[in-house]
Each structure stands twice: as structure tokens, then as C-alpha cells.
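Scroll down for the structure; my scribbles are underneath it.
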Amino acid sequence: MQTQSQLRSLPESLRALAANKLTIAVGSVVVLFLFGEIISAGFLSFGHVMSVLRLSVFLGVVALGQSLVVLAGGEGIDLSVGSVLSFGVVVASSILKGKDANIPAALAACLGAGFAIGMVNGVGVSYIGIPPLIMTLAMASVVEGLSLIYTGGYPSGTAPNLLEVLGNGRVAGVPNVLLFWLLVITAVSLILFRKRWGAVLFGVGANGVTAELSGINVKRFRMFVYGICGAISAFAGFLVLGYTGTPYLNLGAPYLMSSIAAVAVGGISLAGGAGSYVGAVIGCILLTTLSSILVALQTTEAVRQIVYGGLLFVIVVAYTRRRRE
Amino acid sequence: MNRNRQVLRGLPQHSSFPSFLMLVLLIIVNAILQPTFFSYQVFKMNFMTFTPLILVSLAQATVILVGAVDLSIGAGISLVTVAMASLMGDSSLSILLVSLLGVGVALFLSLFNGFFIGFIGPPPLIMTFATSTVWFGIALLIMPTPGGYIPEAYYSLYGKSLGGFLPMPVLVLLIAIVFCLLLGRLRAFRHLYAVGGSEAAARASGIRVTATKVFAFLVSGVFTALAALCVVGQTATGDARSGQGFTLNSVAAAVIGGMAFSGGRGSYVGAIMGGIILGLLINIIYFANITSFYQEFMKGVIIIIALLIGAVPRLRRSISRR
Chain A
1 MQTQSQLRSL PESLRALAAN KLTIAVGSVV VLFLFGEIIS AGFLSFGHVM SVLRLSVFLG
61 VVALGQSLVV LAGGEGIDLS VGSVLSFGVV VASSILKGKD ANIPAALAAC LGAGFAIGMV
121 NGVGVSYIGI PPLIMTLAMA SVVEGLSLIY TGGYPSGTAP NLLEVLGNGR VAGVPNVLLF
181 WLLVITAVSL ILFRKRWGAV LFGVGANGVT AELSGINVKR FRMFVYGICG AISAFAGFLV
241 LGYTGTPYLN LGAPYLMSSI AAVAVGGISL AGGAGSYVGA VIGCILLTTL SSILVALQTT
301 EAVRQIVYGG LLFVIVVAYT RRRRE
Chain B
1 MNRNRQVLRG LPQHSSFPSF LMLVLLIIVN AILQPTFFSY QVFKMNFMTF TPLILVSLAQ
61 ATVILVGAVD LSIGAGISLV TVAMASLMGD SSLSILLVSL LGVGVALFLS LFNGFFIGFI
121 GPPPLIMTFA TSTVWFGIAL LIMPTPGGYI PEAYYSLYGK SLGGFLPMPV LVLLIAIVFC
181 LLLGRLRAFR HLYAVGGSEA AARASGIRVT ATKVFAFLVS GVFTALAALC VVGQTATGDA
241 RSGQGFTLNS VAAAVIGGMA FSGGRGSYVG AIMGGIILGL LINIIYFANI TSFYQEFMKG
301 VIIIIALLIG AVPRLRRSIS RR
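Just so you know, the sequences run in chain order A and B. Using the numbering used here, you'd call the opening residue of the first sequence number 1 and step up by one each time. Using the numbering used here, you'd call the opening residue of the second sequence number 1 and step up by one each time.
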């Protein structure tokens, strides 16, 4: 693929660039920011752009788990990411109790709980053969119940100072979490495109049968991908707690729909096996910018739901038409 | 005699057989937990909640039959309740017209999904997930908080009994069953199985695949519409969240009833049993007297267990194939 695209003539590669989903996504982000500046002055200021990017980080982390699950194919998708994030928030805060010294224990508990939930998804999908969307939808209500049981309806504890400093601090005007995200993007891209694990992921996603024939245990691999996605979602809860300071139930709810939309906008094939995390990252920025504009327009929850759902609908339909051609 | 024995031996192979066993078992468990289980009052109360469950199970079963799935059933029901509660007045003409409008809305929503899935062909899961968010948003737009007005004449009707012995929910169910029987006589209904079994083979034998898929969603819409009318009778309000649980419940009930996700296998009898089974399972949670915090959790666990049981025949088949 790499060499092929280098051999293309200039007009041809320009046309390919215009048809590329990522180019369209990046273009949309620019248009949205310009539109934002028109409806509310200061939208394009450095400070505001940074705060939009900082908000994208949380979605970006959730979308990482979602990307991996979708990339692994087999109609992979995880509808429990929102509930797992919420669970991560309440578990972390109850262990942290506002003390810096508790951070390692809380982080470990958070990752462990998320991983365990994800593995249950993975077993159900891989070994029992329940369709991923249904399995994770059922799991979402189980985990929501778990959060209620764990907290008794009232989440306890707060984020310690250190976590808040890390979550809200800035280096030369750039939020810490944004720097952290850049690190994650680089690391993930390296793993996906330079390491064996990434190659296996794409192979399993593109065609499970051929992957199985070349000696990969596809079922076990997919199961672990769900586990990883669970751990990442719970970790996102840890980060969100650092941002809000105090825990609430259902902090994860808004992230579910957006994470799927971000993955689809970012050009990751919902059939699996094709796409990149960088694409999902652009999708996250696009969606966060969009929601920031919807907030600036003072729209209600209802309008936001319609816009998000409509956006995903348009993407899904547009993608299908292209495939048919 | 010989023939009878053959029929008996074939029984366990029937796709609805595991559901039937489970149904019998659950009726026994319920009867033990609740000594008044077979009384008329309990029967009537149970069917007030079972009927919507059975109807959404039938709705989901119809689309699963053609190899699709509809995740927007719950949000569709919410939207109908909200529309009806915001428009209905006291006069019987208003009640009739608004109920018809509710049915129309449900049919339109289902056809919208069916049209896109049939003619353009996006993955039904993602497509209906997207539209469910849109339906939910529209319902919230109409009614940000639960409310509206449903006249007493409407909701008390749902609690009444026809001729003193036939509860309204059961009557609605009988109407649905008659509808199922009529459907079974149509050639288009057999095409649902053909398309679900193998789209390519169905197309090759001259079946109009697109039209069949749209037909499936239309039929599914009829069941969803009936379910929505029942939910309005049951809750007597419009609530943008009232349908939320029905999506997952409909899938679970259909799967418990022996519908195969790959399409082309299963029956309405199974789907009806699936709805009753789920209702009886949820009943047990209430009998067990557990706090409300655990109820959500238990429901999710039960649905996952139900999905496991639904997967058992397939697992057995794949093991015996080795």
C-alpha cells in the first residue's frame, strides 16, 4: 500500500486525499472551529482551543478501547464503555478518599475491575458466541447495577490534590492531560503499525479465518481485546475523576455514543481490520468541538442526542453507499 | 402408535423445545414462591406486564428472522408514549385519533429503519443504534420531563376485563396471536425465513429481498405499536425513558424463545414463550424481596444467563460437529 500510493501521479493522489475519510474529518474540524468563532467570539482563541482539546482527551481514551474492539473484527463493539467508566470513577474515588498515597492502589483497583468486566464480555462474545452488541449492552446494565450496589446510591470520596493538579494543570499553557494524550497516541500508533501485536490485531480483524489458519488463537485474542477495552474505559474514569474532583454516578453515560461515533468518523471500518487510532483521535476532536458548539448555542440534551444520533446515522449510511460502489 | 412415538422422539429437536421446558420450570418456581399464582387476580396483574414484553419479543423476532435486529424498539416506544401523552384529550374521539396516531408513529419509525436497511444496506445493529438515539432525542425534545396527560378512560380500560373474565392485556395478546396466524398464511411470511436463511439463495429463487426486509420491519412495527399502546395504558404518562428497558428485553426474550441471530430460524410460538419466560424471571426478582439497587443488576445478570441458555443448542451442535 505504501509504495503504491507513492507511485501515484500528483493529481491522482490529490483526488485520493480529497476522498479520504480522514481529510474530510480534519476539514470538518476546521470548518466547525471557524463556525464556532462566528457564533461566539473567542472560540478560536488559544485558551479555548486548548480547553476543547483537553475535553477531547477523556473521549480519546474511551475511544482507544472502542477502536481496538472494533479493529479486532467479528462485528466487535463495546456498549459497556460508558458504564465501566462510571464504575471506574466510583471505585477510584472510594479508594482514593482524597489522599495522594492511595493513588497506586486506586489505579490498580480501577484497571483490575475494568479488565475483569471486559474479560466477561470477551468470554461471552468469543467463547459463547453472543453477538458483541447484545453481550455488551446486557453487561452495561449489569455494571450500572454494580455501581449502584457498590456506592449504595451515594458515591463517596474525592480526588486527591495530586490527581487534580495532574488533571487540571498546564505546562506552558498546554494542559497536562493533552501532553499525556500525545504520548498515548504515539505509543499506540507504534504498537499498531510497528509491533507484532498490531499486525495480529489487523489480521484478526480483517479475516478471522485466515488469522486462525496462520496459527493465531482468534477467540482468545478477541477475548483479551475486550479485557483491554474494559481496563482502558475504567482508566478513563480515573482521569475523569481527576477532572471533576468529586464523583457522580453515571459520569460515563455521554461517552458511549460519542466513542462509537468518533471511531466511525475517524475512518475505522466497523467491519474491523482497517483504520488507525489517529483517525479515532480526529473523530474525538471533531465530536468534542461539535458538542462545544452545541453548548455555545445553548442547546438542550435533546438536541445533542438528535445531532449525535443523526451524525452516526449519516456516517453509517454514507459508508455503506461507498462500499457498494 | 409407531408414528406417535416418532413425533415424541422428534420433540426435543424442535427449536422451541428448550424454551418450553424453561417455561414449565419457571411456572413451577413461580407457583411455589407465590401460592396465589394461579388466581385470576394474579393472572391479570401478570399479563399487564407480560403483554408488552411478549409484543416486543414478537417485534424483535420478526426482524431477527430476516437476519436483522432492531435496537430502536425501546426508544420508539418512548417516543410514542410521549407523543400520545402530549396530544390526548378527554373525548373518546380524541382518544381514538391519538391512539391511531401513536400506531402510525410506531409504524413510521419502524419503516424508516426498514427502508434504509432494505434499500441501502447499512449494518442493522449500528443503524438502529443511531436511530434509537435520534428517537430518544426527539422524545426528550417533546417532553424533557415525564408528564403529559392520559385520560382515565384510556388507562383504566387497560386494567378492565372484557365480560368480566378476559383481561384487556390478554385480549390485546389474542389480537396479536390472530395477527400472527394470519401472517403465517401469507407467502411473504415464508419469504422472511428464506431471506434470513440465505439472502443470495432467496434472491436467486426470485424473492424480492429488499421488499421482504421492509415487510419484516413493517410487521415488527405493528407489534411495537401494540406494545406502545399497552405501555401507555400501564404507566398513564408520557416518558422519554419509559421504553428504555424494552430494547434489551426484546432481544433477550426473542433469544430465549429460540430465535437465531443468524436469521431464518425460530418461530412466533417461541418468541411468545420467550416473552413470558422473561416476565416470570423478572417476577422472581420481585419475590426475592431484594432492594431496588440489586434489581437492575439482577435483571442484567438474568438476561446474560438467558443469552447463555439461548446459546446452548448452538454450542451443543458445534461440539457434536467436532
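Cβ atoms here follow ideal geometry from the backbone N, Cα and C, with glycine treated the same way. Keep in mind the model is a prediction, meaning the values are calculated, not measured.
Exposure of Leu85(A), with buried meaning 16 or more beta-carbon neighbours within 10 Å: buried
Skipping 5 residues on each side, what residues in its chain have a beta carbon closer than 8 Å to that of Ser92(B)? Ala153
Got a sec: which bits of the region 287-316 of chain A sit with their beta carbon under 9 Å from any beta carbon on chain D, in order along the chain? In the displayed structure, chain D is absent; the protein chains listed are A and B.
Among Ile191(A), Pro132(A), Ile282(A), the one whose alpha carbon lies nearest that of Val30(A): Ile282(A)
DSSP three-state call for Arg187(B): helix, strand or coil? helix
Quick one: what's got a C-beta closer than 6 Å to Leu280(B)'s C-beta in the same chain, skipping five residues either side? Leu26, Asn30
Pull up the DSSP beta-bridge partners for Val174(A), would you. According to DSSP, which records beta bridges pairwise, Val174(A) is partnered with Val171(A).
Would you call the region 167-184 of chain B in contact with the region 104-113 of chain B, where contact means no fewer than 3 C-beta pairs closer than 8 Å? no
Consider the Cβ of Ile95(B): report whether some Cβ of chain A lies at a distance smaller than 8 Å. no
Rounded to the nearest angstrom, how far is the Cβ of Tyr226(A) from that of Leu59(A), given a contact under 8 Å? 20 Å between Cβ atoms; not a contact.
Using only the alpha-carbon positions, how far apart do Val177(A) and Ala225(B) sit? Here the alpha carbons of Ala225(B) and Val177(A) stand approximately 48 Å from one another.
Give me, in chain order, the residues of the same chain whose beta-carbon lies closer than 6 Å to that of Met139(A); leave out the 5 immediate sequence neighbours on both sides. Ser80, Asn121
What's the gap between the Cα of Ala260(B) and the Cα of Gly266(B)? 6 Å
If contact means a Cβ-Cβ distance below 8 Å, which residues of the region 291-302 of chain B contact chain A? Phe293, Tyr294, Gln295, Glu296, Phe297, Met298, Lys299, Gly300, Val301
Check whether the Cβ atoms of Gly205(A) and Gly273(A) sit closer than 8 Å, and answer yes or no. yes
Leu58(B) and Ala130(B): beta carbons closer than 8 Å? no
Hey, does Met223(A) have any beta-carbon neighbour from chain B nearer than 8 Å? no
Is the Cβ-Cβ distance between Ile258(A) and Leu287(A) less than 8 Å? At residue 258(A) the sequence reads Ser, which differs from the Ile that was named. In this structure, Leu287(A) lies closer than 8 Å to Ser258(A) by Cβ.
Mind checking if Met257(A) is an interface residue toward chain B, Cβ cutoff 8 Å exclusive? yes
6 Å Cβ shell around Leu140(B) - same chain, five flanking residues per side excluded: Ala240
So what does DSSP say about Leu87(B), is it helix, strand or coil? helix
With a CB to CB cut of under 7 Å and the five nearest residues on each side skipped, what residues in its chain are close to Arg321(B)? With a pLDDT of 47 at Arg321(B), under the threshold of 50, the predicted position of this residue should be treated as unreliable, and no value is reported.
Going by Cα to Cα distance, which pick from Met88(B), Ala252(B), Val209(B) is closest to Leu137(A)? For Leu137(A), the nearest C-alpha among the options comes from Ala252(B).
At the 8 Å Cβ level, is Glu37(A) part of the contact set with chain B, yes or no? At a cut-off of 8 Å, the C-beta of Glu37(A) has no neighbouring C-beta in chain B.
Taking DSSP as the reference, what is the three-state secondary structure of Ser16(B)? coil
Can the beta-carbon of Gly167(A) be found less than 8 Å from the beta-carbon of Tyr243(A)? Yes, these two residues count as a Cβ contact at 8 Å.
My understanding is that Val143(A) touches Ser83(A), with C-beta atoms under 8 Å, so please give their C-beta distance in whole angstroms. 4 Å
Using DSSP bridges, identify the partner residues of Pro167(B). Ser161(B)
Member of Val123(A), Ser28(A), Ile117(A), Lys219(A) whose CA lies at the smallest distance from the CA of Ser147(A): Ile117(A)
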